[in-house]
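Trainee: With the sequence shown counted from 1, adding 397 to any position gets you our numbering. All residues carry an ideal CB built from backbone N, CA and C; glycine is no exception. Here the structure is a predicted model, which is why all the values come from computation and not from measurement. My questions all concern the structure below.
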Amino acid sequence: MLRDITLGQYYQTDSVIHRLDPRVKLVSTILYIVSLFLFKNVTGYVIAALFLAVVIKLSKVPFKFMVKGMKAILFLLFLTVVFNLFLTPGEPLVRIWKLTITDKGLQTAVFMAFRLSFLIIGSSVMTLTTTPNHLTDGLEKLMGPLKKIRVPVHEISMMMSIALRFIPILLEETDKIMKAQIARGADFESGNLIKKAKALVPLLVPLFISAFRRANDLAMAMEARCYRGGEHRTKMKPLHYEKRDFAAYAVAISYVVAGTVISRMIPLPF
């Protein structure tokens, strides 16, 4: 399960999406997420699926690699669908004991499942095609105007970058600790959900110790190199917009506008 989490990982390859400016990918991802909440019918979600499929194809990242990250949120997705299915009022369709599935509940549950799936995969495209350093630079540039109201933009971007870097490292560390404890007789598989949760408690102490040790080592390394953030810090690879970046902005905005208009003009029946 831990190996299936792709958040924070970077898939190295040469593609049009990889070469885009990180600011373009951040803004486009936000626009895509907003579009998922603007679309209210089947037509909108079909357009969102087609757009996402084209982007994944252009990114050259295997679709199986992206879908693998969905395994980690299957329980959350299932829980969301069940709550929407049984707790949304509407015209009753099926009765199961004291629970009732309504037409509105079924529609909301299906749309919510697609919305969450597209949201996770769409966000994964950004993280898989952007290095943490570029992501930090892009965030810092986009939030630049907030410096005028004394928001610590550089520090926020740095913290987010370090957090993304630590996710795969801590997952790998957790996997190693689990294997070491299994070799000593620990059992993480048998029993019900509560017993499995209790079995994971002994993992927390060595995992927290490892996380604090790594954080301390990183802080000492940054201090030893006289790291200072702020206005006068230079970058080895400064960000510059190119023609393809402006074209990508145009495509993302056109997708949102065209998708919203078409979904309202041609509502497919559900």
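Identify, in the order they occur along the chain, each residue of the same chain with its Cβ nearer than 7 Å to the Cβ of residue 503, setting aside the five sequence neighbours on each side.
Mentor: For residue 503, where only same-chain residues beyond five positions count, the Cβ hits under 7 Å are 482, 490.
Trainee: Is the stretch 448 to 456 close to the stretch 532 to 547, with three or more CB pairs under 8 Å?
Mentor: Short answer: they don't touch.
Trainee: In this structure, how does DSSP classify residue 489 when only helix, strand and coil are distinguished?
Mentor: DSSP places residue 489 in strand when its eight states are reduced to three.
Trainee: Secondary structure at residue 524, three-state DSSP: helix, strand or coil?
Mentor: Of the three classes helix, strand and coil, the one that applies to residue 524 here is helix, per DSSP.
Trainee: In chain order, what residues of the same chain have a beta carbon less than 7 Å from the beta carbon of residue 488, not counting five sequence neighbours either side?
Mentor: Cβ neighbours of residue 488 beyond the five flanking positions: 499, 500.
Trainee: Leaving out the 5 sequence neighbours to the left and right, which residues in its chain are closer than 7 Å to residue 433 when beta-carbon positions are compared?
Mentor: Only 445, 512, 515, 516 meet the Cβ criterion.
Trainee: Given that a residue counts as buried once 16 or more other Cβ atoms are within 10 Å of its Cβ, and exposed if not, what is residue 591?
Mentor: Result: exposed.
Trainee: If you follow the beta strand (DSSP E) that residue 433 is part of, which residue opens it and which one closes it?
Mentor: Premise fails: residue 433 lies in the alpha helix (DSSP H), 419 to 435, not in any beta strand (DSSP E).
Trainee: Once DSSP output is grouped into helix, strand and coil, what is the label at residue 663?
Mentor: If DSSP states are grouped into helix, strand and coil, residue 663 belongs with coil.
Trainee: Look at the alpha carbon of residue 529 and the alpha carbon of residue 617, and state the distance between them as a whole number of angstroms.
Mentor: Cα to Cα, the separation comes out at about 20 Å.
Trainee: If we call anything under 9 Å between Cβ atoms a contact, is residue 526 one with residue 417?
Mentor: Taking 9 Å as the Cβ cut-off, residue 526 and residue 417 qualify as a contacting pair.
Trainee: So for residue 497, helix, strand or coil by DSSP?
Mentor: If DSSP states are grouped into helix, strand and coil, residue 497 belongs with the strands.
Trainee: Check whether the stretch 551 to 564 touches the stretch 466 to 479, counting contact only when three or more Cβ pairs, one atom from each stretch, lie closer than 8 Å.
Mentor: At 8 Å Cβ cutoff, the stretches do not touch.
Trainee: DSSP three-state call for residue 597: helix, strand or coil?
Mentor: Residue 597: coil per DSSP, three-state reduction.
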